[in-house]
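This report concerns only the one structure given below.
2 protein chains.
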Amino acid sequence: MHANRIWIPPDHPRAKSLYTREMLVDGYRRGLVTAEGLIAHGRGEAYDYLIGERTTKTAQRAIKAAAAMLLLSKRPVISVNGNTAVLCPRTVAELAKVTEAAIEVNLFYRTEERERAIKAELETHGADNVLGVGSRASATIPELQSERRRVDPEGIYRADTVFVPLEDGDRTEALVEMGKTVITIDLNPLSRTAKAAHITIVDNIVRAMPAIVEAAREIKGGRSLKKIVGGFDNKKNLRESLKIIKGGI
Amino acid sequence: MHANRIWIPPDHPRAKSLYTREMLVDGYRRGLVTAEGLIAHGRGEAYDYLIGERTTKTAQRAIKAAAAMLLLSKRPVISVNGNTAVLCPRTVAELAKVTEAAIEVNLFYRTEERERAIKAELETHGADNVLGVGSRASATIPELQSERRRVDPEGIYRADTVFVPLEDGDRTEALVEMGKTVITIDLNPLSRTAKAAHITIVDNIVRAMPAIVEAAREIKGGRSLKKIVGGFDNKKNLRESLKIIKGGI
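Chains B and X are the protein sequences, given in the same order.
Sequential numbering from 181 applies to the first sequence in our numbering.
Sequential numbering from 181 applies to the second sequence in our numbering.
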């Protein structure tokens with residue numbers, strides 16, 4: 181049914197966006213991404229288009245704050261879903277190494293088969309000790325109804341900071357409620373996720389993840405980490421992102 | 181892999197949007213919709229969110245102009261893809277009846293299996309004589325590379341007006357180039373499709389299609405059809421839609 185793949189000319193003005201889309205469709209075929217994940221990606225594409233498909237200076241500030249916060253945390257965890265695993269498995273593994281964070285698979289549409297496939301994808305790209313798969317996810321986040329409430333007692337449950345790229349509003353709010361510091365990537369600055377998180381990176385995950393790794397490497401061991409985090413104002417940052425989107429329309 | 185369907189509470193603030201999403205995912209499983217169609221739907225969701233998930237007065241004007249244009253045309257054709265067939269098969273059939281338009285299946289990712297499935301879906305919901313399936317699509321639209329260039333000589337090829345809900349920019353431009361009057365539904369007023377078409381309805385297809393049927397029934401046989409079409413300014417209408425989106429952000 182999907183035999184007619186389109187060849188994307190490298191000089192196509194939106195080649196990168198189309199290539200990312202194909203990665204995700206491929207991830208769907210490999211059982212890593214859900215149909216809902218594809219639709220969510222489409223929403224992201226629309227907001228990315230409005231923001232000009234680039235990492236804004238505003239996003240860059242959030243990226244730096246996120247890197248500093250992960251480096252300052254005692255038990256940081258990177259929460260990975262299907263879309264994240266397909267779009268940036270290597271940078272997830274790199275970020276975990278440089279910030280000494282754990283990686284936990286956490287899915288909205290949870291099946292053990294898909295969890296295992298995502299874990300394998302991350303490991304192929306250099307991740308080790310991936311948490312949250314199968315019976316490991318035995319703790320629960322209070323007040324959450326979806327399967328996403330199940331978390332690893334060694335991971336998200338005891339984390340001080342959770343980095344949840346591409347998260348939904350309910351879960352972000354529940355994590356904040358539990359006292360976690362929450363970092364997210366969300367192209368829609370109006371979403372509940374964007375508003376509930378402590379640090380919201382309004383950017384495409386494909387651009388933001390390598391940028392966080394780079395920022396973390398740059399500032400690691402430096403004395404300014406607390407200053408970077410302290411000087412970051414998420415509400416102001418979201419307002420600026422909105423302004424950029426408005427200006428581009 | 182997709183066993184964990186979520187029950188959508190009817191009082192959920194975005195129940196309608198979630199229900200529409202589920203219809204599309206179901207259409208994907210039934211072989212009517214492609215993975216790319218799911219992503220495209222996600223883009224639509226984002227713009228619909230920005231426009232307030234309602235049919236604006238601006239959209240209502242375009243809807244009325246579209247209905248009048250279809251009624252005035254000698255050989256109008258409604259071009260149907262997978263997403264359209266899944267989201268509003270009944271109103272496509274109704275609109276074809278009230279405006280005496282033909283229905284033609286026309287796919288970007290073309291396989292005869294999918295064409296037949298879409299034709300069957302439309303017929304189940306009351307459509308007859310669905311064009312464009314298999315060897316019927318023997319004519320071609322010049323300057324188009326995708327499989328979408330193949331059209332039915334009895335349908336789009338000889339049509340004076342083509343209604344293409346959910347179309348891509350290349351094809352819209354090619355149809356305009358061929359001298360067709362093109363009507364489209366596109367939630368992004370900045371898209372090439374929105375700009376190239378003669379009448380662009382900036383609305384969710386799920387709301388717009390029944391509204392076009394209603395408008396066509398209301399004005400059919402009246403003397404004001406030409407006046408309605410003549411008084412419609414697509415550029416101005418797109419500017420107004422943009423303003424509404426900006427105002428909502």
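Backbone N, C-alpha and C define an ideal beta-carbon position, used for all residues, glycine too.
Within 8 Å of the CB of residue 222/X, the CB atoms of chain B belong to 218, 219, 220, 221, 222, 223, 224, 225 and 226, in sequence order along the chain. With respect to chain B, the C-beta atom of residue 205/X has a partner C-beta closer than 8 Å. At least 8 Å separates the beta-carbon of residue 285/B from that of residue 213/B. Neighbours of residue 422/X across chain B, judged by C-beta separation under 7 Å: 429.
When the Cα atoms are used, residue 352/X and residue 361/B turn out to be separated by approximately 47 Å. Look at the beta carbons and you see the region 270 to 279 of chain X touching the region 301 to 311 of chain X: at least three pairs across the two are nearer than 8 Å. Taken in chain order, the unbroken stretches of alpha helix (DSSP H) that lie wholly in the region 182 to 254 of chain X and span 4 residues or more are 195 to 209, 215 to 231 and 237 to 252. Taking 8 Å as the CB threshold, residue 425/B lines the interface with chain X. A check of alpha carbon separations from residue 429/X across 222/X, 231/X and 298/X identifies 231/X as the nearest. In this structure residue 366/B is buried. Its beta-carbon is surrounded by 16 or more other beta-carbon atoms within 10 angstroms. Residues of chain B with a Cβ closer than 8 Å to the Cβ of residue 201/X are, in chain order, 216 and 219. Nearest to residue 314/X by alpha-carbon distance, out of 332/X, 321/X and 322/X, is 332/X.
As the crow flies, the alpha-carbon of residue 240/X is around 15 Å from that of residue 415/X. For residue 337/X, no chain B residue has a C-beta closer than 9 Å to its own C-beta; the minimum C-beta separation is roughly 21 Å. Contact holds between the region 247 to 267 of chain B and the region 202 to 211 of chain B, because three or more Cβ pairs, one in each stretch, are under 8 Å apart. Only residues of its own chain outside the window of five on either side were considered, and among them 382, 418, 421 and 422 have a CB closer than 6 Å to the CB of residue 369/B, listed in chain order. In this structure residue 287/B is in contact with residue 294/B, their Cβ atoms being roughly 6 Å apart against a cut-off of 8 Å. The beta-bridge partner set that DSSP reports for residue 258/B consists of 283/B and 343/B. Taking the Cα positions, residue 256/X is about 20 Å away from residue 411/X.
A distance below 7 Å between beta-carbons, with the five flanking residues on each side excluded, links residue 387/B to the following residues of its chain, in chain order: 235. Remark: C-beta atoms of residue 335/B and residue 282/B approach each other more closely than 8 Å.
If you look at residue 291/X, you'll find it isn't in any alpha helix (DSSP H); DSSP assigns it neither H nor E.
Per DSSP, the beta bridge partners of residue 311/X are 284/X. DSSP places residue 362/X in the uninterrupted beta strand (DSSP E) bounded by 361 to 365.
From the listed residues 406/X, 216/X and 345/X, the smallest Cα separation to residue 199/B is found for 216/X. Residue 426/X is classed as exposed because its beta carbon has fewer than 16 other beta carbons within 10 Å across all chains shown. DSSP places residue 408/B in the uninterrupted alpha helix (DSSP H) bounded by 405 to 410. By the CB criterion at 8 Å, residue 329/X and residue 320/X fall inside the cutoff.
Where residue 425/B is concerned, the enclosing alpha helix (DSSP H) starts and stops at 414 to 428. Going by C-alpha positions, residue 372/X is about 31 Å away from residue 390/B.
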